[in-house]
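See below for the structure under consideration.
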Amino acid sequence: MSSDLTAGVSHAELANAIRALSMDAVEAAKSGHPGMPMGMADVATVLFTQFLKFDPKRPDWADRDRFILSAGHGSMLQYSLMYLTGYEDITLDEIKRFRQMGAKTAGHPEYGMARGIEMTTGPLGQGISTAVGFAMAERILNARFGDDLVDHTTYVIAGDGDLQEGISHEACSLAGHLGLSKLIVLWDDNRISIDGSTDLSFTEDVKARYAAYNWDVSAVDGHDPVAVAQAIAAAKLTDKPSLIACRTTIGYGAPTKANTAGSHGSPLGAAEIEGARKALNWPHAPFEIPESILQAWRHFGDRGHPTVDAWVKRLARSPNRLAFKAAIAGDLPAEARSALHAHKKAVSETKPKIATRQSSGNTLDVIVPLVPEMMGGSADLTGSNNTRVKALSKAVQKNSWDGRYVHYGVREHAMAAIMNGMALHGGVIPYSGTFLAFSDYSRPAIRLGALMKQRVIHVMTHDSIGLGEDGPTHQPVEHIPALRCIPNLLVLRPADAVEAAEAWEIALDAKTRPSVLALTRQNLATMRVEHTDENLSAKGAYVLREASGPRKVTLLATGSEVEIAFNAREKLEAEGIPTALVSMPSWELFAEQSEAYQKAVLGDGLRIGVEAMVRFGWDRWIGEKGVFIGMPGFGESAPYQELYQHFGITADAIVKAAKERL
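Structure below.
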């Protein structure tokens, strides 16, 4: 601390400012988690004052180091650091309003609430796993733009719970395989959980496990700032991701609750806080930070200004500046949109009968070469998902990051979280594939992506009983309804190759929400034989074939069942029953249309919903008197044609149901 602003201010005083703010805010809120911030205050102080490359005045600077508080319950650690270093969104008033309605200091850090919070954390395991995506995006952009524009580190503070959650095993295994040397995890090794000592359930050799993952592993006294600094400095020199086990005391300074589960998730209480103030030699009123200590912290917050200024100058004179800015902006280029429309027109003219998973792959063949930010992948189902196209011939691998495809292995949950991290980092548009039945493995990360409003594209093939012989374990009869329940998630189930192309355009344009593309294994006829540049799927539902007269029946169908409903419509029309056919590729988008548009599409006649899923959710569209043709429960193992007959999802069944109700 050579600056006059930091002269006479000790490390202990800097760290104790974090401890005091944390215990005072939790006490004022009458809820929260004081133990972790108090225990990790020394580690965080070393990180923020000696290593972290950041500028609180320019929190969106593209080449900043990323700090992820994976142990999100200890949110007051992050809020304290942000206030002390000078982030404008986190004021002392916000600290005092911790956990209150409308406060930026929510119970767990929430992305978008305050600039400087890199991601929403709280569900344990998500932060450390998403951080792998941040670190991967850094390497991908570094390979594209070079050290002058992209050269930063991702730091994570994680707790015992993070390392227990299965997702962290998946993600950290992949990180070690890829040699993500710019990922440094500071493990709060306090050995206390909500139920008590971690010995109750967690006695494995964590350090040996991470060494087996091909991580660099070290251990330090988390309350020794010199040892912590030496460990971080050493971690920055390795060619592996690093785990630093920081042995700490939860609730450090609390006279009776330190090193106990009692300091984990409850306020310390007035008497305990008074004792902590004495133990920490902090004779200041609640929320009071002495000016000398605050100015010392602000000095450390300001030290990044020259680094950012120099970077801005490098960007201005870089021959890659326009491409870099375009990558960060993440817009769909005009030439890609034009190519997509031309592809759509060609499909309408040639009328292929192909699976929508193949239609999706054909669309990717058109747009991926024109959108260099797109990064593909699959969870060991590349050939089945059709996510790898000619432009993605090279995959990323250790020490070689100029590829545009990721082999995630059988790690669906980590794959979804890693893509969240790529999207949050910026400069990359991630998409990847698995089977729809395995969306349950990915669901917590999909949900978090929706909560954080991130453009992440989940390609999910084999989307119904249409996959046939693999049977009910792989037939996702309830998964589409379950995914539709997630707020801010687009579920897109295209009926043919035209709608598949439109689904990709929708997903790429949806910069504030993730998308699931549910795609078939079985071949489907082209239903849209008249081309229009307008993206009809963007309205969520539209009249694919109007009735020949005043409607008696409206058939509502999604995906592969649109073709079945089309055949039923032809039969009903032949019998003199005016019938409209509506394709509903996205319920979410349809729900966002005007009431007048919805009414015009749905009509006043009998409504019949057709989908090879369970009924859940359909009553909203078909009404009390409507009919549902779909799955009564789990599927069976057989050729898919037999399955549709067996479960009565046929044109004849639709016709029969319509005639019985009319």
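Just so you know, we're using the working numbering here: the sequence shown kicks off at 1 and counts up by one. Cβ atoms here follow ideal geometry from the backbone N, Cα and C, with glycine treated the same way. On a predicted model such as this, the values are computed, not experimentally measured, just so you know.
task = Measure how close the beta-carbons of Leu490 and Ala507 come, nearest whole angstrom, since I'm counting them as under 8 Å.
result = Locating residue 490 in the sequence shown gives position 490, counting from the first residue. Locating residue 507 in the sequence shown gives position 507, counting from the first residue. Separation of the CB atoms of Leu490 and Ala507 is rounded to 7 Å, and the pair is thereby assigned contact status at 8 Å.
ask   = Per DSSP, what kind of secondary structure is Ser378 in: helix, strand or coil?
value = Position 378 of the sequence shown holds residue 378. Ser378: strand per DSSP, three-state reduction.
query = Does the Cβ of Arg551 lie closer than 7 Å to at least one heavy atom of the ligand ZN?
reply = Because no ligand of any kind appears in the structure shown, any question about the ligand ZN cannot be addressed here.
request  = Could you name the residues of the same chain whose beta carbon sits closer than 8 Å to that of Ser2, not counting the 5 residues immediately before and after it, in chain order?
outcome  = In the sequence shown, residue 2 corresponds to position 2, counting from 1. Caution is warranted here: a pLDDT of 46 is assigned to Ser2, below 50, making its placement in the model unreliable, and no coordinate value can be reported.
ask   = In chain order, which beta strand (DSSP E) runs of at least 3 residues are fully inside the stretch 137-223?
value = Entirely contained in the stretch 137-223, the beta strand (DSSP E) runs reaching 3 residues are, in chain order, 154-159, 183-189 and 216-221.
message = Here's a check: name, in chain order, each residue in its chain whose Cβ is nearer than 7 Å to the Cβ of Val614, leaving out the five neighbours to either side.
response = The residue you call residue 614 lines up with position 614 of the sequence shown. Exclusion of the five residues before and after Val614 leaves Val477, Glu478, Pro481, Gly630 and Met631 as the residues of its chain whose Cβ lies within less than 7 Å of its Cβ.
query = If you draw a straight line from the C-alpha of Thr387 to the C-alpha of Ala334, how long is it?
reply = Taking the first residue of the sequence shown as position 1, residue 387 is located at position 387. Taking the first residue of the sequence shown as position 1, residue 334 is located at position 334. About 22 Å.
query = Within this structure, are the beta carbons of Leu14 and Ala258 separated by less than 8 Å?
reply = Residue numbering aside, residue 14 sits at position 14 when the sequence shown is read from its first letter. Residue numbering aside, residue 258 sits at position 258 when the sequence shown is read from its first letter. At the C-beta level, Leu14 and Ala258 stay beyond 8 Å of one another.
query = Quick one: is Leu424 buried, meaning 16 or more other Cβ sit within 10 Å of its Cβ, or exposed?
reply = What you label residue 424 is simply residue 424 of the sequence shown in a count that begins at 1. Leu424 should be labelled buried.
ask   = Any idea which residues DSSP pairs Pro352 with across the strands?
value = Numbered from 1 along the sequence shown, position 352 holds the residue referred to as residue 352. BP columns for Pro352 are empty, so no partner.
message = Closer than 8 Å is the cut-off here; do at least three beta carbon pairs connect the stretch 584-593 with the stretch 552-569?
response = The answer is yes - the stretch 552-569 touches the stretch 584-593, with three or more Cβ pairs under 8 Å.
Nonlocal neighbours in the same chain, by C-beta distance under 6 Å from Trp282, ignoring five residues either side = What you label residue 282 is simply residue 282 of the sequence shown in a count that begins at 1. Counting only Cβ-Cβ distances below 6 Å, and skipping sequence neighbours, we find Asn16 and Ala20.
key: Nonlocal neighbours in the same chain, by C-beta distance under 8 Å from Gly330, ignoring five residues either side   = As a position in the sequence shown, residue 330 is number 330, starting the count at 1. Listed in chain order, the non-local C-beta contacts of Gly330 below 8 Å within the same chain comprise Glu373, Gly426, Gly427, Ile429, Arg455 and Lys511, local neighbours out to five positions each way being set aside.
message = Taking its Cβ as the centre, do 16 or more other Cβ atoms sit within 10 Å of Thr382, making it buried, or is it exposed?
response = Here residue 382 refers to the residue found at position 382 of the sequence shown. With 16 or more Cβ atoms within 10 Å of its Cβ, Thr382 is classed as buried.
ask   = Out of Leu332, Leu163 and Ser359, which has the shortest C-alpha to C-alpha gap to Tyr213?
value = Indexing the sequence shown from 1 puts residue 213 at position 213. Closest by alpha carbon: Leu163.
ask   = Thr668: which of Ser173, Ser242 and Val228 sits nearest, CA to CA?
value = This structure cannot speak to residue 668, because the chain is shown only from 1 to 662.
task = May I ask you to verify whether the stretch 266-280 touches the stretch 197-211, counting CB pairs closer than 8 Å and requiring at least 3?
result = By the Cβ criterion, the stretch 266-280 is not in contact with the stretch 197-211, since fewer than three pairs of Cβ atoms, one from each stretch, lie closer than 8 Å.
ask   = Just to confirm, are Ile457 and Ala612 a CB contact at a threshold of 8 Å?
value = Residue numbering aside, residue 457 sits at position 457 when the sequence shown is read from its first letter. Residue numbering aside, residue 612 sits at position 612 when the sequence shown is read from its first letter. With contacts defined as CB atoms closer than 8 Å, Ile457 and Ala612 fail to qualify as a contacting pair.
query = Can the beta-carbon of Gly253 be found closer than 8 Å to that of Leu280?
reply = Counted from its first residue, the sequence shown places residue 253 at position 253. Counted from its first residue, the sequence shown places residue 280 at position 280. Contact: yes.
ask   = Applying the criterion that 16 or more other CB atoms from any shown protein chain within 10 Å of the CB defines a buried residue, is Met101 buried or exposed?
value = The residue given as residue 101 occupies position 101 in the sequence shown. With fewer than 16 Cβ atoms within 10 Å of its Cβ, Met101 is classed as exposed.
query = In or out: Arg64 buried (at least 16 other Cβ within 10 Å) or exposed?
reply = The residue you call residue 64 lines up with position 64 of the sequence shown. A residue is called buried when at least 16 other Cβ atoms come within 10 angstroms of its Cβ; Arg64 meets this threshold and is buried.
query = According to DSSP, what are the bridge partners of Leu243?
reply = Locating residue 243 in the sequence shown gives position 243, where the first residue counts as 1. Bridge partners of Leu243 according to DSSP: Val185 and Val217.
request  = State yes or no: is the C-beta of Pro56 within less than 8 Å of the C-beta of Gly116?
outcome  = Locating residue 56 in the sequence shown gives position 56, where the first residue counts as 1. Locating residue 116 in the sequence shown gives position 116, where the first residue counts as 1. In this structure, Gly116 lies closer than 8 Å to Pro56 by Cβ.
request  = Please confirm whether Ala379 and Met419 have their CB atoms less than 8 Å apart.
outcome  = Within the sequence shown, residue 379 is the residue found at index 379, counting from 1. Within the sequence shown, residue 419 is the residue found at index 419, counting from 1. 8 Å or more divides the Cβ of Ala379 from the Cβ of Met419.
key: Best match in Val543, Thr238, Asp189 and His299 for proximity to Leu5 [C-alpha to C-alpha]   = Residue mapping note: residue 5 aligns to position 5 of the sequence shown, counting from 1. Comparing Cα positions, the closest option is His299.
query = What number of angstroms, rounded off, separates the C-alpha of Thr461 from the C-alpha of Ile328?
reply = Residue mapping note: residue 461 aligns to position 461 of the sequence shown, counting from 1. Residue mapping note: residue 328 aligns to position 328 of the sequence shown, counting from 1. Rounded to whole angstroms, Thr461 and Ile328 show a C-alpha spacing of 29 Å.
key: Top-ranked residue by Cα proximity to Lys398, from Glu642, Pro109, Asp148 and Lys182   = Residue 398 sits at position 398 when you count from the first residue of the sequence shown. Taking only the C-alpha atoms, the option nearest Lys398 is Lys182.
key: Closest Cα partner of Gly161 within the set Glu118, Ser173, Ser70 and Gly133   = Start at 1 with the first residue of the sequence shown, and residue 161 comes out as number 161. Nearest Cα to Gly161 within the set Glu118, Ser173, Ser70 and Gly133: Ser70.
request  = Below 7 Å CB to CB, which residues in the same chain sit around Met422 once its five sequence neighbours on both sides are set aside?
outcome  = Position 422 of the sequence shown, counting from 1, holds the residue named residue 422. By the criterion of a C-beta distance shorter than 7 Å, Met422 is surrounded in its chain by Gly133, Met136, Ala137, Met375, Val428 and Pro430, once the five residues flanking it on both sides are discounted.
message = Please report the straight-line C-alpha distance between Pro444 and Ser318, rounded to a whole angstrom.
response = For the purposes of this step, residue 444 is taken as residue 444 along the sequence shown, with counting starting at 1. For the purposes of this step, residue 318 is taken as residue 318 along the sequence shown, with counting starting at 1. For Pro444 and Ser318, the distance between alpha carbons rounds to 40 Å.
ask   = DSSP state of Ala276, grouped into three classes?
value = To locate residue 276, count along the sequence shown from 1; it is residue 276. Residue state, collapsed to three classes: helix.
inquiry  = Based on DSSP bridge pairs, tell me the residues matched to Thr532.
reply    = Within the sequence shown, residue 532 is the residue found at index 532, counting from 1. Beta-bridge pairing links Thr532 to no other residue.
ask   = DSSP puts Gln397 in a beta bridge; with which residues?
value = As a first step, residue 397 is located in the sequence shown; it is residue number 397 there, counting from the start. Answer by DSSP bridge pairing, in chain order: Ser400.
Nearest neighbour of Leu662, chosen from Asp604, Arg521 and Val226 [CA to CA] = Along the sequence shown, read from residue 1 onward, the residue named residue 662 stands at position 662. The residue with the shortest Cα to Cα distance from Leu662 is Asp604.
request  = Could you tell me which of Ala25, Met38 and Glu118 sits nearest to Ala103, measuring between CA atoms?
outcome  = Position 103 of the sequence shown holds residue 103. Of the candidates Ala25, Met38 and Glu118, the residue whose Cα lies closest to the Cα of Ala103 is Ala25.
key: C-alpha gap between Cys172 and Ser129, whole angstroms   = Residue 172 sits at position 172 when you count from the first residue of the sequence shown. Residue 129 sits at position 129 when you count from the first residue of the sequence shown. Approximately 7 Å between the Cα atoms of the pair.
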